[in-house]
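A short worksheet on the structure shown next.
2 protein chains.
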Amino acid sequence: MANIRLHNPFMKSLAVLVLFFSLPVRAQKTMPGDVVIIASKILHENRTVYIHYPKTDSSNVNKRFPVLYLMDGESHFDMLAQYTDYLSRWDVKVIPQMIVVGITNTKRTRDLTPTVSIINYFGKPDTSAVSWMKPSGGNAEFLQFIQEELIPYVDANYKTQSYKIFAGHSFGGLASINCLLTQPAMFDAYVAVSPSFWWDREYVLKLTDRTLQKGALLNKKLFYSDASEGISDSSTFHTNLLKFDSLLSVKKIKGLEHEYKYYPAESHMTEPVSAYYDALRFIFRDWKEN
Amino acid sequence: MANIRLHNPFMKSLAVLVLFFSLPVRAQKTMPGDVVIIASKILHENRTVYIHYPKTDSSNVNKRFPVLYLMDGESHFDMLAQYTDYLSRWDVKVIPQMIVVGITNTKRTRDLTPTVSIINYFGKPDTSAVSWMKPSGGNAEFLQFIQEELIPYVDANYKTQSYKIFAGHSFGGLASINCLLTQPAMFDAYVAVSPSFWWDREYVLKLTDRTLQKGALLNKKLFYSDASEGISDSSTFHTNLLKFDSLLSVKKIKGLEHEYKYYPAESHMTEPVSAYYDALRFIFRDWKEN
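In C-alpha cells:
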C-alpha cells in the first residue's frame, strides 16, 4: 500500500549517497487521494472535497468502483479511505474496492439540517445571535449540490459505478436519513451514525412517520446506530434511535434492508470507528466478487 | 488533517487558471509520514520502515510522544496511523498522540518465528524444499535489530517518549509474546492479535509456562485476541488462546494487566480492524492528558 516517492531530484541524489554510506534514507509516505475544490453555483461558494480511489493494478485496470459519499470529510475521510482499502485487499476482500468522497464543511449546521430552527438539544430555544445553530435549514440545497455538481464531477473524473452510498455522523446522520426520505433515488445505501434526531423537536423522526407508507417499496440499505451519549439525565440519542428502529419495523417497507447497532461502550466521538466498519460489512454482507 | 499540497509549479499555475474559470482544482492529499530505509548490520540487509507522527501545532510543539512499533507494516500501518490520529484528536482524545513505526517484511517467517521448525499448522512436518516456512527461527536477531538499530534511529530522529508498544498479528503476534517472554524490558505494552501459537508444536505456549514464575513481578500491559479461524475441523487459534489466557490467570503475575478478546464474527484477516482498536483503548484506558 505504500508509495515510496523521493520528492525531488536533490532527495534522489541524497538517497544514493546515503545508501552508499549505510545511513538511513527518508522519503515521504503518501496515500492515493486528491483534494478537489469545486466552485459551487448552487451554494455560491468553493467546496473542498477529498477523493480517495483504489490503486490501479493488473487486477482492476478495467474495473469501475462504487462510490461512498461521506459528510464531515475532515473528521472521517481518512478512516473510510483506510477501511475501504484494507477490507478490499486481495487477502481480506470482504467488500469491493471503492472510491471515497469526503465532503468537508463550510457552514455545517446550515448544510446538514433540514429546517430552520433555534430549538436546541434540550428542546429550548437558543436565541443567542451568535448561536452555533445559525444558520440552519439548508440541507435541501446541500443535497442539490451533491446531486447536480459533485456527483457529475466525480462520475466524469473517476472510474465510477452507479452504486453509491451516503454516510454521515451526528448532523451528518440526520442529513443521510433526510436524504433517504426526500431524495431516495440519489443513493443505494444510507449510513446514519448517531443521527441528531433531536433537531427541531424530532422533525426527521416525524417526517419518517409521515413519509414512509406502510408496506411501500424502497429497495435500499440503511445502517443506523448510537452510543452512550447521555448529556445530563437525558439520553435523547438512544431514545430516538429506538423510536426510529421500531417505526421501521412497524412500517414493513418492502426491499429496505436495515440494521440498527447500539454501542454502549462507545461515546459520540469514538462510535464512528466501530459503526463505519460495521456499516460497510452490513452493506456488503452478501457481496461476492464477480 | 488534510494537507493541501499542489505538487509542482505547473499545478500551481493551473490552480490559479482553473479557479479563474470556476473549474475544479485538484491537488494530492497527503498524510504525514516517512518511508525510511535502514541498512541493518545485524540483519545484513536494508529494512524499510514507515514512520507516522503527530502533526506539530501550538498544542503539542514541545511534546514528546509514545511510540508504537508494529510488525507487518505493509498490512496494518495505515490502520494504526489513522486510529492513533483520530483517537487522539482534540474532540475525541481517548489516547495520547503517538508515533507509529511500521516495520515491513523481507523474510517474514524468518524474522517473526522463535525457532527453526518445519512443523506446519496441522502438526506435520513440511519437508518441501520451497516451503513458505523456510527459513525460520530468526526472531531473536529481529528483536536485536529493533533494539539496537531501529529504536535508536527513531529516538534520534523523532520526538519520542520512552513509553513503547510492540504490536503484531499472526506470526507478528507470536513475535510480540516471544519478546515479552525473552526481552520484557524492550516494551511497556504488548499486543498479540491472533498469535500463531501453533508454531513448532506450541513452542511459545510452553515457553510461557516455563518462563513466567507464579507470582513474579512484570509491570506490563498485554492484549491478545483471536477470531473465527478454524481450518477444517481444527480451530487451533482459539484453543491455544484459551490455554494462554488460563495460564496467565493461574500464574498471577504481579503488575501484568492483560485483556483477552475473542471475535467470533471476525476472520483472521478482518480481526485486526477491531482488535487493534480495542488494544489501543485497553492500553490507554486509565490515560488522562496531563
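Protein chains in written order, with full-length UniProt numbering: chain A, 1 to 290; chain B, 1 to 290.
Each residue gets a CB set at the ideal place from its N, CA and C atoms; glycine is no exception.
Here the structure is a predicted model, which is why all the values come from computation and not from measurement.
Of all the CB atoms in chain B, is at least one closer than 8 Å to the CB of residue i?
i: A:A27; result: yes
i: A:K288; result: no
i: A:F282; result: no
Can you round the beta-carbon distance between residue i and residue j to whole angstroms, since I take them to be within the 8 Å contact cut?
i: A:Q28; j: B:G102; result: 14 Å between Cβ atoms; not a contact.
i: residue 300 of chain B; j: B:S136; result: Residue 300 of chain B is absent from the model: chain B starts at 1 and stops at 290.
i: B:A275; j: B:K261; result: 7 Å
i: B:V67; j: B:Y50; result: Not a contact, Cβ separation roughly 13 Å.
i: A:Y263; j: A:L241; result: Incorrect: roughly 11 Å between the Cβ atoms, too far for contact.
i: B:H78; j: A:D91; result: A quick correction: the sequence has Asp, not His, at residue 78 of chain B. No, B:D78 and A:D91 are not in contact; Cβ-Cβ is about 15 Å, not under 8 Å.
i: B:Y69; j: B:I146; result: 7 Å
i: B:E259; j: B:A227; result: Actually they are not in contact, since the Cβ atoms of B:E259 and B:A227 sit about 15 Å apart, beyond 8 Å.
i: B:L222; j: B:L256; result: 6 Å
i: A:A189; j: A:K159; result: Not quite, the Cβ-Cβ distance comes to about 19 Å (not below 8 Å), so this is no contact.
Show which residues of chain B have a CB atom less than 8 Å away from the CB atom of residue i.
i: A:D126; result: Within 8 Å Cβ-Cβ: nothing; A:D126 doesn't reach chain B, min ~20 Å.
What in chain A is Cβ-close to residue i, meaning under 9 Å?
i: B:Q82; result: D78, M79, A81, Q82 and Y83
i: B:V94; result: S267, M269 and T270
i: B:Y158; result: Correct list: empty, because the minimum Cβ distance to chain A is about 11 Å.
On the DSSP bridge list, what partners appear for residue i?
i: B:E266; result: DSSP lists no partner for B:E266.
i: A:E257; result: A:K221
i: B:R47; result: B:I38
i: B:H52; result: B:V100
i: A:Y69; result: A:V101 and A:F166
i: A:A279; result: Bridge partners of A:A279: none, in fact.
i: A:A227; result: A:Y263
In chain B, which residues lie with their C-beta within 9 Å of the C-beta of residue i?
i: A:M31; result: K29, T30, M31, G33 and D78
If you measure from the beta carbon of residue i to each beta carbon in chain D, is any gap under 8 Å?
i: B:V250; result: Judged by its chain identifiers, the structure shown contains no chain D, and its protein chains are A and B.
List, in order along the chain, the chain A residues whose C-beta lies closer than 8 Å to that of residue i?
i: B:D155; result: Within chain A, no residue comes near B:D155; the closest Cβ sits about 13 Å away, beyond 8 Å.
i: B:Y277; result: V273 and S274
Is residue i close to chain A, meaning its C-beta is less than 8 Å from at least one C-beta of that chain?
i: B:D91; result: yes
i: B:Y263; result: no
i: B:Y86; result: yes
i: B:L43; result: no
i: B:S13; result: The predicted model places B:S13 with a pLDDT of 39, which falls under 50 and marks its position as unreliable; any figure quoted below should be read in that light. So no, B:S13 is outside the interface.
Suppose only complete runs of 4+ residues qualify. What are the alpha helix (DSSP H) ranges in the region 91-147 of chain A, listed by chain order? 108-112 and 139-145
In chain order, which continuous runs of the beta strand (DSSP E) of length 3 or greater are located wholly inside the region 148-222 of chain A? 160-169 and 189-193
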